[in-house]
Ligand code: 5GP
Ligand code: ZN
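In the working numbering, the protein residues as written are 496 to 613.
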């Protein structure tokens, strides 16, 4: 999509602070963070919203979910639970459509973490 900001980031036309990339997914820090750690996991494929995803996207969506805790851990906001004591953790969020507060119409998952309060 020519006029999509996240397609431009995925193709390297616009710079971003990269966290991760592979053939299907890219992750980068949000330009306007809402938490000490705030990054976005974005498929390279231009899927406008979660509501536009189809059965053939199941594996891709699963990879996004599995990547969130891995990258959160690498960035210092992973969740741990040992001997009944839990710490850390993060919020993962996909906004969909106007009432969902979506601003960029290229599917992405927010991952936000860091010590509270934010
Ligand atoms: P949405 O409201 O669509 O779920 O979230 C879009 C997010 O993308 C916002 O948190 C916003 O700060 C972030 N964002 C918008 N444009 C850019 C950009 O050019 N670069 C980066 N890194 N983040 C962006
Ligand atoms: Zn796009």
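Note that CB positions come from ideal geometry on N, CA and C, so glycine has one too. Nothing here was measured: the structure is a model prediction, and the numbers come from that model.
When you compare each of the options to residue i by their alpha carbons, which one comes out closest?
i           : options               : result
residue 589 : 563, 514 and 517      : 563
residue 604 : 517, 511, 503 and 524 : 524
residue 516 : 606, 543 and 536      : 536
residue 501 : 575, 543 and 587      : 543
residue 560 : 575, 581 and 586      : 586
residue 611 : 572, 551 and 507      : 572
What whole-angstrom Cβ distance do residue i and residue j have, given they're in contact under 8 Å?
i           : j           : result
residue 609 : residue 530 : 5 Å
residue 591 : residue 553 : Not really, about 17 Å apart at Cβ, beyond 8 Å.
residue 520 : residue 558 : 6 Å
residue 534 : residue 606 : 5 Å
For residue i, collect the residues of the same chain with a Cβ closer than 7 Å to its Cβ; drop the 5 residues on either side in sequence, then sort them by chain order.
i           : result
residue 499 : 541 and 601
residue 555 : 519 and 538
residue 509 : 500 and 503
Going by other Cβ atoms of all chains shown within 10 Å of its Cβ, with 16 needed for buried, is residue i buried or exposed?
i           : result
residue 538 : buried
residue 522 : buried
residue 570 : buried
residue 567 : buried
residue 505 : buried
residue 511 : buried
Counting contacts by CB-CB distance shorter than 7 Å, is residue i in contact with chain C?
i           : result
residue 521 : Note that chain C does not occur in the displayed structure, where there is just one protein chain.
Excluding the 5 residues preceding and the 5 following residue i in the sequence, name in chain order all residues of the same chain whose CB lies nearer than 6 Å to its CB.
i           : result
residue 513 : 523
residue 575 : 582 and 583
Excluding five sequence neighbours on each side, which residues of the same chain lie with their C-beta closer than 8 Å to the C-beta of residue i?
i           : result
residue 496 : 502, 541 and 601
residue 597 : 544, 590 and 591
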